[in-house]
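A.B. asks: In the working numbering, the protein residues as written are 298 to 758. Quick one: the structure is below, and I'll ask about it shortly.
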Ligand code: FAD
Ligand code: SF4
Ligand code: SF4
């Protein structure tokens with residue numbers, strides 16, 4: 298019998314006053330009883346609108362039916378047929394705009410907690426059923442994957458399962474892309490990403506870290522070394538700045554640098570040797586997931602006052618609803634409809650504050666969102682010791698500048714065929730943020746999967 302409760306099962310969470318001073322995972326996950334109870338809220342709709350909201354088309358009613366029957370491994374197998382990283386997506390997908398945004402239970406109440414159920418199933422599988430997969434027989438073909446974020450990992454996994462000898466080349470010293478250097482431990486424990494990468498290695502995938510493609514080896518040299526195909530999943534890790542006066546002062550940094558020091562280089566651990574900019578008052582400029590992560594990390598590093606400075610209103614803010622809710626609970630102060638125009642410093646070049654103006658929303662711009670317009674006479678000061686810029690990123694130009702014939706658009710993103718991920722260079726495919734600009738984990742995974750299918754069709758002829 299369906300459970301007709303209007304509300305999702307509540308997610309057990311660490312209390313804000315405790316978690317805002319440590320890096321432990323905030324959301325603790327459903328118990329078995331909660332998962333089964335929540336699964337019974339699903340009406341098993343025949344047309345399953347939720348599936349159309351999932352970029353990789355997981356058979357959502359089918360996996361939830363298995364949870365109703367308490368066959369959690371069966372549920373895992375259904376999810377795994379479409380998604381290689383369910384423990385990650387169950388935690389970080391913007392479900393409210395995707396699967397849950399289409400769930401019929403959301404019309405008169407809260408949608409079914411699809412993401413939380415996916416996380417439950419993936420965690421259950423890791424705890425109970427994960428064994429070493431059987432290595433597929435080699436098919437004699439070699440593929441190089443550039444970048445080990447969700448796009449590269451998914452492409453590598455799909456090809457390895459078909460018998461390709463796959464090597465991932467990763468510029469950083471740890472594999473995982475944004476999953477390890479960007480998204481903080483308290484949202485996505487790094488042990489989970491490490492387990493997923495171990496799973497790929499068990500399939501035979503080789504991971505070569507500290508390998509910057511375009512510097513140590515070029516894409517052309519990969520072909521010379523005998524690779525039959527190359528997938529580029531190098532992401533969009535180049536931070537943007539505002540171009541306002543004062544951005545070169547001490548205490549101004551990009552969210553990418555700040556998060557890399559905190560997450561990948563573990564600056565938050567008491568015995569860490571990684572230096573990191575700490576401040577009593579920290580202003581984070583931007584309103585996306587990156588801004589929320591930077592603000593919540595700054596708070597955990599000891600800041601008393603942390604501001605989100607965002608030029609539009611709360612209605613337009615792009616971060617996931619859950620991250621905004623958690624940030625507010627942790628005491629982050631939202632300065633919306635506010636735009637910095639100058640960063641001020643003292644005689645030692647240290648940041649002392651942000652000169653800001655108030656904004657109001659005018660007519661929609663090319664993105665469809667109402668354009669923020671400066672309010673005359675609204676200039677004011679925000680005192681701060683640290684400014685973190687989280688206003689977007691674009692692909693690093695290294696690969697495009699060292700790969701002749703690789704076409705990119707005006708934003709520096711690699712141009713690909715829509716259905717295959719094939720670039721303007723024969724045998725070179727691309728996907729994820731390197732193609733779309735900064736997007737989401739599940740879209741990057743979808744692109745990696747699509748490119749793997751197209752490469753296989755081409756190379757197995
Ligand atoms: P990436 O994850 O960026 O991986 C690219 C990899 O390529 C990196 O490891 C990089 O070091 C490597 N690389 C780059 N150049 C080279 C080179 N020349 N040679 C070798 N290796 C190279 N999405 C969500 O869905 N939900 C969220 O909650 C969310 N939160 C986010 C929080 C932060 C702080 C950030 C930065 C992003 C967030 N995103 C979120 C977006 C999401 O993480 C990205 O869209 C996704 O990781 C893109 O995957 P990718 O594989 O294309 O690239
Ligand atoms: Fe929803 Fe993401 Fe899971 Fe798809 S992968 S069902 S969008 S949580
Ligand atoms: Fe279940 Fe909602 Fe999907 Fe219907 S739309 S099958 S209720 S998850």
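For every residue, glycine included, the Cβ atom is placed at its ideal position computed from N, Cα and C.
Where does residue 354 sit, in a helix, a strand or coil, going by DSSP?
C.D. replies: Against the chain shown, residue 354 aligns to sequence position 57. In the structure shown, residue 354 sits in coil (DSSP, three-state: anything other than H, G, I, E or B).
A.B. asks: Between the alpha carbons of residue 646 and residue 545, how many angstroms are there, rounded?
C.D. replies: Numbered from its first residue, the chain shown carries residue 646 at position 349. Numbered from its first residue, the chain shown carries residue 545 at position 248. Cα-Cα distance, rounded: 9 Å.
A.B. asks: Near residue 655, what residues of its chain come up, given a Cβ to Cβ distance below 7 Å and the 5 sequence neighbours on each side ignored?
C.D. replies: Taking the first residue of the chain shown as position 1, residue 655 is located at position 358. So the list reads 634, 635, 672, 675, once near-sequence residues are dropped.
A.B. asks: What is the DSSP secondary structure of residue 586, counted as helix, strand or coil?
C.D. replies: By 1-based counting over the chain shown, the position of residue 586 is 289. Note: residue 586 maps to helix in three-state DSSP.
A.B. asks: Between residue 372 and the rest of its own chain, which residues show a CB-CB distance below 7 Å, the 5 nearest in sequence each way excluded?
C.D. replies: To locate residue 372, count along the chain shown from 1; it is residue 75. Answer for residue 372: 360, 363, 364, 418, listed in chain order.
A.B. asks: Put residue 605 into one of helix, strand or coil per three-state DSSP.
C.D. replies: As a position in the chain shown, residue 605 is number 308, starting the count at 1. Note: residue 605 maps to strand in three-state DSSP.
A.B. asks: For residue 623 versus residue 323, is the C-beta distance shorter than 8 Å?
C.D. replies: For the purposes of this step, residue 623 is taken as residue 326 along the chain shown, with counting starting at 1. For the purposes of this step, residue 323 is taken as residue 26 along the chain shown, with counting starting at 1. Contact flag set, yes.
A.B. asks: Just tell me which of 681, 692, 390 has its CA closest to the CA of residue 711.
C.D. replies: Indexing the chain shown from 1 puts residue 711 at position 414. Measuring from the Cα of residue 711, the nearest candidate turns out to be 692.
A.B. asks: With respect to the alpha helix (DSSP H) encompassing residue 417, which residues constitute its N-terminal and C-terminal limits?
C.D. replies: Start at 1 with the first residue of the chain shown, and residue 417 comes out as number 120. Element bounds for residue 417: 411-425.
A.B. asks: Helix, strand or coil for residue 386 per DSSP?
C.D. replies: Position 89 of the chain shown, counted from the first residue, corresponds to residue 386. Helix at residue 386.
A.B. asks: Output the boundary residues of the beta strand (DSSP E) element that contains residue 685.
C.D. replies: Numbered from 1 along the chain shown, position 388 holds the residue referred to as residue 685. Unbroken beta strand (DSSP E) run through residue 685: 683-686.
A.B. asks: Which whole-angstrom value is the C-beta distance of residue 347 and residue 411, which I expect to be below 8 Å?
C.D. replies: For the purposes of this step, residue 347 is taken as the residue at position 50 of the chain shown. For the purposes of this step, residue 411 is taken as the residue at position 114 of the chain shown. Sure, about 6 Å apart at Cβ, within 8 Å.
A.B. asks: For the alpha helix (DSSP H) that residue 671 lies in, which residues bound it at each end?
C.D. replies: For the purposes of this step, residue 671 is identified with residue 374 of the chain shown, where counting begins at 1. Segment 667-671 is the beta strand (DSSP E) holding residue 671; no alpha helix (DSSP H) there.
A.B. asks: If I'm right that residue 607 touches residue 614 with Cβ under 8 Å, what's the distance once you round it to whole angstroms?
C.D. replies: Against the chain shown, residue 607 aligns to sequence position 310. Against the chain shown, residue 614 aligns to sequence position 317. That belief holds up - the Cβ atoms of residue 607 and residue 614 are roughly 6 Å apart, short of 8 Å.
A.B. asks: Note the first and the last residue of the continuous beta strand (DSSP E) segment covering residue 508.
C.D. replies: The residue labelled residue 508 in the question sits at position 211 within the chain shown. Looking at the DSSP string, residue 508 is not in any beta strand (DSSP E), and its letter there is neither H nor E.
A.B. asks: Is residue 383 near ligand 3, going by C-beta to nearest heavy atom under 7 Å?
C.D. replies: Translated into positions along the chain shown, residue 383 becomes position 86. Result no, Cβ not under 7 Å from ligand 3.
A.B. asks: Tell me whether residue 309 is buried or exposed, calling it buried when 16 or more other Cβ atoms sit within 10 Å of its Cβ.
C.D. replies: Here the question's residue 309 lines up with position 12 in the chain shown. Classification for residue 309: exposed.
A.B. asks: Where residue 732 and residue 533 are concerned, what is the direct C-alpha to C-alpha distance, given to the nearest angstrom?
C.D. replies: Position 435 of the chain shown, counting from 1, holds the residue named residue 732. Position 236 of the chain shown, counting from 1, holds the residue named residue 533. Computed Cα separation, rounded: 9 Å.
A.B. asks: Counting Cβ pairs closer than 8 Å, one from the stretch 495-503 and one from the stretch 421-439, do we hit at least three?
C.D. replies: With the cut-off at 8 Å, the stretch 495-503 and the stretch 421-439 touch.
A.B. asks: Could you check what DSSP says for residue 677 in three-state terms: helix, strand or coil?
C.D. replies: As a position in the chain shown, residue 677 is number 380, starting the count at 1. Looking at residue 677 - three-state DSSP - the assignment turns out to be strand.
A.B. asks: Is the beta carbon of residue 351 closer than 8 Å to that of residue 409?
C.D. replies: Sequence index remark: in the chain shown, residue 409 carries index 112 (1-based). Sequence index remark: in the chain shown, residue 351 carries index 54 (1-based). No, the pair does not count as a contact, with Cβ atoms beyond the cut-off.
A.B. asks: With a threshold of 8 Å on Cβ separation, who are the neighbours of residue 405 within its own chain once the five nearest residues in sequence on each side are excluded?
C.D. replies: In the chain shown, counting from the first residue as 1, residue 405 sits at position 108. Taken in chain order, the residues that qualify are 303.
A.B. asks: Which full runs of the beta strand (DSSP E) of 3+ residues lie inside the stretch 440-518, going along the chain?
C.D. replies: Here the runs fully enclosed are 462-466, 503-505.
A.B. asks: For the beta strand (DSSP E) holding residue 529, just list the boundary residues, first then last.
C.D. replies: Counting from one through the chain shown, the residue named residue 529 turns up at place 232. Residues 526-529.
A.B. asks: Taking Cβ to Cβ, would you say residue 688 is nearer than 8 Å to residue 582?
C.D. replies: By 1-based counting over the chain shown, the position of residue 688 is 391. By 1-based counting over the chain shown, the position of residue 582 is 285. Yes; because the gap between Cβ atoms is below 8 Å, this pair is in contact.
A.B. asks: Alpha carbon to alpha carbon, what distance is there between residue 462 and residue 435?
C.D. replies: Locating residue 435 in the chain shown gives position 138, where the first residue counts as 1. Locating residue 462 in the chain shown gives position 165, where the first residue counts as 1. If I take the Cα positions, the gap works out to 7 Å.
A.B. asks: Taking buried to mean at least 16 other C-beta atoms within 10 Å of its own C-beta, is residue 625 buried or exposed?
C.D. replies: Numbered from its first residue, the chain shown carries residue 625 at position 328. That one is exposed.
A.B. asks: Should residue 686 be counted as a contact of ligand 1 given a C-beta to heavy atom distance under 7 Å?
C.D. replies: In the chain shown, counting from the first residue as 1, residue 686 sits at position 389. Checking every heavy atom of ligand 1 against the Cβ of residue 686, none is found closer than 7 Å.
A.B. asks: Classify residue 389 as buried or exposed, calling it buried when 16 or more other Cβ atoms lie within 10 Å of its own Cβ.
C.D. replies: Position 92 of the chain shown, counted from the start, is the residue given in the question as residue 389. Buried, by the Cβ-count rule.
A.B. asks: Could you spell out where the alpha helix (DSSP H) holding residue 373 opens and where it closes?
C.D. replies: Within the chain shown, numbered from 1, the residue matching residue 373 stands at position 76. Its alpha helix (DSSP H) spans residues 369-377.
A.B. asks: If residue 541 and residue 657 are in contact, beta carbons under 8 Å, what's the gap, nearest whole angstrom?
C.D. replies: Working through the chain shown from its first residue, we reach residue 541 at position 244. Working through the chain shown from its first residue, we reach residue 657 at position 360. Going by Cβ atoms, the distance from residue 541 to residue 657 rounds to 20 Å, so no, they are not a contact pair.
A.B. asks: Assuming contact is defined by CB atoms lying nearer than 8 Å, are residue 618 and residue 415 in contact in what I supplied?
C.D. replies: The residue labelled residue 618 in the question sits at position 321 within the chain shown. The residue labelled residue 415 in the question sits at position 118 within the chain shown. Taking 8 Å as the Cβ cut-off, residue 618 and residue 415 do not qualify as a contacting pair.
A.B. asks: Can residue 402 be considered in contact with ligand 5, in the sense that its beta carbon sits closer than 7 Å to one or more heavy atoms?
C.D. replies: In terms of ligand content, the structure shown lacks ligand 5 and carries ligand 1, ligand 2 and ligand 3 instead.
A.B. asks: Can you give me the Cβ contacts of residue 506 inside the same chain, cut-off strictly under 7 Å, excluding the 5 residues immediately before and after it?
C.D. replies: Here the question's residue 506 lines up with position 209 in the chain shown. These residues qualify, in order along the chain: 467, 469, 470, 471, 472.
A.B. asks: Which residue marks the beginning of the alpha helix (DSSP H) containing residue 733, and which one marks its end?
C.D. replies: Taking the chain shown and counting its residues from 1, one reaches residue 733 at position 436. Where residue 733 is concerned, the enclosing alpha helix (DSSP H) stretches over 730-733.
A.B. asks: Where does residue 571 sit, in a helix, a strand or coil, going by DSSP?
C.D. replies: Here residue 571 refers to the residue found at position 274 when the chain shown is read from its first residue. Residue 571: coil per DSSP, three-state reduction.
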